[in-house]
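Colleague:
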Amino acid sequence: MKKCMLASACCWVILLSPSVRAKTTSTVATGDWNSAIWDNGAPAAGDTVNVGHSVVLTNATPPLLVFSQTAGTFTFAGSNAWLVAETVLIGGTVTHDLNSDTNGSDGWQVDNRVLITCTNLTLNGSINVSARGFRENPLNSTAPGLGPGGGMGERGGGHGGYGGGNVTPGYGLPYGNPADPQWHGSSGGNRENNSDRRGGRGGGLVIIEASGHVLINGSILANGENSPEYTWGGGGGAGGGINIRCGTWSSTGGVIRADGGWGSTFLGGSGGGGRIAICVSNSPAQALLPEPRAVISARYGTVSGPTIPPYWFGDYGTIYGNDPSVLPTVMTGCYGYVYGPVGDNWVRTSFALTNCWLRFASNQSARVNGDMVLDGTSLYALKDTSVGGDIHLTNGSSLMFAGNPTNGISPEWGTLVEVTGSVRVAASCVIYLQSEATNGGSVYMCVSNFHLAAGGIVSADESGFAGGNPSGYGPGAGSNSYGGAGYGGTGGRYPTYGGSTYGSATNPIHPGSGGAGSGSSSGKRGGGLIRITARNEMAIHGTMSANGGDTTENNRCAGSGGAIYLCADKFVEAYGTLRAEGGDGTNNCGAGGGGRIARYYRCDGFAGTVSVAGGGVSYPGQSGTVYSAFSSNYTVFTVAGDPARHGSPQPYGYGANGVAWGEIVTNTVNSPADEAGGRRYRCIGWRMTNGVGGSASGTGTVAVLTMDPDTTLFWLWTNEYYLTTLAGPHGSLESDPSGWYTHGGTSSVRAIPDSGYYFSQWRGDYGADLMLTNPLPITMDRPRSITAVFGATGGQTKVWTAMTGDWMNDSNWTPPGVPAFYDSVIIPSGTVTLAETPRLASLTVTGTGSLSTVSGAKVQLSVARDVVISGNTAQVVIRGGELSAGGDIVLAATSRLYAASAATNSSTPEYGVLVRCRDIVIRTNCWLYPQSDNTNGGSPKFIVRNLVIDAGGGIDANGRGFRGGLAPADPGGPTVGWGYGRGYLSNGGGYGGKGGRASPPYGQTYGSAETPIHPGSGGGGNDGNPWRSGGNGGGLVRVEAGGVIAVNGVVRANGNDGGGDYGTGGGSGGGIYLTCRVIEGSGSLTANGGAGHWAGGGSAGGGGRIAVWRTTDRFSGSAEAARGSTVTSPDAEPGTIYWGDIAPAGTVFCVR
């Protein structure tokens, strides 16, 4: 069909001559191509046509002189639609109708496409045939998509690449010719017979036949349609076809796409990429044009569900070019398999790819005279490659070199990669080195420098000889269905089945061998060969890996480790990883033997990890070999650091260096060195030893030595720390001792307040006991930053004005400056973090304000007068340390106070956080939350004059004791709770009473009924699927009041119920320990155990412990320490309630 059309076009063009009476005609209305829409009659041969409206073309145009579209949509409708013109200018949108063929029984038909035949074409607008290819199947639910590559039931359609998710043979397959795309993309399969859950339509077809030049500054789009229903829709449509055949072409910022459509979120396969071909007929002229700058993409669609298997993604489509100059050397956003002469013997001045994925189809060799730069790009399957500059991989790029077959004699490699400059592999980037699977031909890289950053990878994992059935490939192949492969070490089940060793430990030029297989499966592949020679430096901060393939199947035995063969003048100091490990086997199949690693150098600073371990499980492989040596006949000169390496010694770095015997060496080191975070290291001298009993030492950073056998130079280092001293607002320092100090050095600083101000305290890195000391003595055992805080005589009101920030930041307060001793603090909103100890006159947290001390900082928040917490969400959180107030602590208007304990293992103090004040007053709807450490049991303690709890408010320690068993958790094994009475699997925690189904040592009672100073213990979890946690134990409410405790609200320390919905134990009740002169009120005290989940055998927690010591008892409320509600055998037990008497104060008479 195409050849006939092109011949007709040529005949029409020939008819054009100067004698033709041509006219210009322009559209005046939207409609079909007929005389009614033109201002000067219907176009005739040789006319200039201006299209500014939307027009539908159903037949071939006469051969026009100029076709110029400036606006509207120009639609090709039907297989006879054909635009023929000398010059085509497109500034609007061009498209074609949706393909109408829905029945492939008589062969699929392309009945719509964009077909343009011309001499020259300029595209500044858009040719957009996305979702115009094969449509969705209209028949029934889960019907396959239409077209030769239609997806099967919610799977993606295929075209240039296969559609995602297709496991049924014959569906979602590629079709068509990469060099001559003549097809639409196929549609994805339906999920249901519902217009919103159908498959996505395939991309359409664009054919441009130009004998002259094609300029693409706009876009040509033939993308497959996304699944219309994002969540439960069908598969994505495949990309369509774009076929450009011209004399020459160019582009500045153009876009050519035939991408597949997205699949739906829940297992809708994505569409495969389409096919793009750009063929030029005038190669000499093309070579003289500026390189095209265009996005050329035949990417598969994506799938965005939570856990999508890889096979639900389609594959990339194809990009074909018939001339090496067709594709640019600077590309962005280009995706696809590259076919044709465009990839043969590619010679470029430079090569830069950004956010691309390109894979050359076969035997691609390349010569780049300058740099090769990959940025966020994957470039695969290069063979012999020469780069005149550097190779840079950044932003997650990957680059694959593949070995050609070799006879192993001359040359002994299959692919040679020569780089005049350096190879630099950044973090998260990978170079893949692939050996030929049956011949073993491998890649050999020769470079000037090789730098592998931390997090960067050179991988030859599973890239050696292939596995086979019944025996693998390679000299050490596993055999007879059961053998693991060997190389540096024998394979598992050697010698009956396992592979033998082969090759050389000092010259490892072979990849690893493949494992044996059985049934319908082949063994796993061996590790490949990483062979790199660096004429200068090699830095290995990342990982080089040539591991054999692991197996988890009993009919696929493991591959052996491969080889790493590195030569460099200097291995710089680095701590990366080299590994050539055998793959793991199973209880039936042998593991792979370890590979071989060899390194040669003149200077060796590599101090990383090296492993050639054999694979494990029932039939392990033997370890491989590791070899390192000088590349010539040198004596060893070792440079070391004492106590550790710092700085960069020159000219011989840390590690082993090769130096001629008797040579006089001058080695130096930079000092100070390695400065970071206020810490650095200073060289204080050196010492030397050698193998003939000699020794020497000196001060300074220069050592002059005569090389005797086994000479070792130690550079001696000490720590230095930086001291920063500052004065806050309204004061100064008598002198500034800031600077570097040797470890253990001392200094001091004196704060001088301005007139009308006083020194309040120090903040920063000082001992807490020295907060008020002025002058402040300083010992430099770490970096320190210390600031003097000053306050106004008579005090000020400081208001927090930041949203979130640090208390000790002067700018977060109004007026500026950290609050001082006589200052009153107001926090009306925002979140304040406090990591140091402050002194205040008063503290008010209101509205939405929040104050939290930092866990582990042991902050002692000291307030001379009252602490008021009052507001809808106002809260104060004390994590360890202490809150002390000379006045009252008042909670009002739905506010909260959290007292979270740090861990403690000492009886002095026997608490993890302390709160002390005159009175604690808890109003209605306000709560105090004591939180014990959930694995250590450290708990808060409150020392007050009076405690007042109004009705509707209270102290809540429910579930705030030892935590329930998590899975897997310690101590004692999975699902065991924490605490002295911890519950075992599904059983309740104990405290005052035993937990349900308790058996020693689990779920037992502990502590004292009279002085309950512990929280409750956690219940056992459940190790089913999913894991379920036991209930937490109740916390500890411990209050020492010198006067009255008035409880009209609640004080509770109940255990939590078992978590989840099956078989978990409840936490035990916690502890309530109150001492006072008078107890009164009508509220409640509860320390009940939590219920277990009886389904699956969950048991209840035992009751906790309540002890109240008082002189006068006016309490009319209730006290309860009941077991949890779940009934088991044996059942959980209630806890203990103890009422103790304190003798009244006596009378003292003074007699004279």
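Counting with the numbering used here, you get residues 309 to 1460 for the letters of the sequence shown.
Don't be surprised by glycine CBs; every beta carbon is placed ideally from N, CA and C.
1. When DSSP builds the beta bridges, which residues end up paired with Ala393?
2. Ile1450 to Arg1385, Cα distance in whole Å?
3. Starting from Ser956, follow the beta strand (DSSP E) in both directions and report where the run begins and ends.
4. Specify the secondary structure class of Asp1421 as computed by DSSP and reduced to three states.
5. Three or more beta-carbon pairs under 8 Å between the stretch 388 to 405 and the stretch 452 to 464, yes or no?
6. In this structure, how does DSSP classify Ile586 when only helix, strand and coil are distinguished?
7. Per DSSP, what are the beta-bridge partners of Gln742 in this structure?
8. For the candidate residues Ser787, Val977, Gly827, Arg1147, whose alpha-carbon lies nearest to that of Ala899?
9. Just verifying my parser: in three-state terms, what is the DSSP assignment at Trp620?
10. To the nearest angstrom, report how far apart Gly1287 and Tyr1074 are at their CA atoms.
11. Apart from the five residues just before and just after Ala451, which ones in its own chain have a Cβ nearer than 6 Å to its Cβ?
12. Can you tell me the Cα-Cα spacing of Thr1081 and Trp1048, whole angstroms?
13. So what does His759 bridge to, in DSSP terms?
14. Is the Cβ-Cβ distance between Gly609 and Asp567 less than 8 Å?
15. Which of the three DSSP states is assigned to Ile1251 in this structure?
16. Let me confirm a value: Glu983 is counted as buried when at least 16 other C-beta atoms fall within 10 Å, else exposed. Which label applies?
17. Taking Ala761 as the reference, give the member of Leu741, Asn777, Ala734, Glu770 with the closest Cα.
18. Just tell me which of Thr814, Gly748, Tyr883, Lys878 has its CA closest to the CA of Gly822.
19. For Ser853, collect the residues of the same chain with a Cβ closer than 6 Å to its Cβ; drop the 5 residues on either side in sequence, then sort them by chain order.
20. If we count the other Cβ atoms within 10 Å of its Cβ and call it buried at 16 or more, is Gln1069 buried or exposed?
21. Using alpha carbons as the reference points, say which of Gly884, Gly1448, Ile817 lies closest to His759.
22. Closest to Ser1203 by CA distance: which of Glu1218, Cys1225, Leu1236 is it?
23. DSSP state of Pro452, grouped into three classes?
24. Are there 16 or more other CB atoms within 10 angstroms of the CB of Arg421, so buried, or fewer, so exposed?
25. Output the distance between the C-alpha atoms of Ile1228 and Arg953, rounded to the nearest integer angstrom.
26. How is the beta strand (DSSP E) around Ala1440 delimited, first residue to last?
27. Could you check if Val336 is buried or exposed, using at least 16 other CB atoms within 10 Å of its CB as the buried criterion?
28. For Val681 and Ser771, what's the separation of their Cα atoms in angstroms?
29. What are the uninterrupted segments assigned as beta strand (DSSP E) that are 3 or more residues long and contained completely in the stretch 877 to 902, given in chain order?
30. Between the C-alpha atoms of Ile890 and Ser926, what's the straight-line distance to the nearest angstrom?
31. Please check the pair Ala487 and Tyr647, which I expect to be a contact at CB under 8 Å, by giving their CB distance rounded to whole angstroms.
32. My understanding is that Gly903 touches Gln930, with C-beta atoms under 8 Å, so please give their C-beta distance in whole angstroms.
33. Have a look at the DSSP bridge pairing and note the partners of Ala1004.
34. In whole angstroms, what separates the C-alpha of Thr859 from that of Leu1191?
35. From which residue to which residue does the beta strand (DSSP E) around Pro1061 run?
36. Assuming Ala593 is part of the beta strand (DSSP E), what are its boundary residues?
Modeller: Reading from the atomic positions:
1. Leu372, Cys426
2. 8 Å
3. Run containing Ser956: none; DSSP gives neither H nor E here.
4. strand
5. no
6. strand
7. Ala710
8. Ser787
9. helix
10. 36 Å
11. Asn445, Asn498
12. 23 Å
13. Arg732, Ala847
14. yes
15. strand
16. exposed
17. Ala734
18. Gly748
19. Ser767, Asp769, Arg887
20. buried
21. Gly884
22. Leu1236
23. coil
24. buried
25. 57 Å
26. Unbroken run through Ala1440: none, as it is neither H nor E.
27. exposed
28. 24 Å
29. 885 to 887
30. For clarity, residue 890 is Gly in the given sequence; the question names Ile instead. Cα to Cα, the separation comes out at about 14 Å.
31. 7 Å
32. Contact doesn't hold; Cβ gap of about 11 Å is too wide.
33. Met996
34. 59 Å
35. 1059 to 1061
36. Per DSSP, Ala593 belongs to no beta strand (DSSP E); it is in the alpha helix (DSSP H), 591 to 596.
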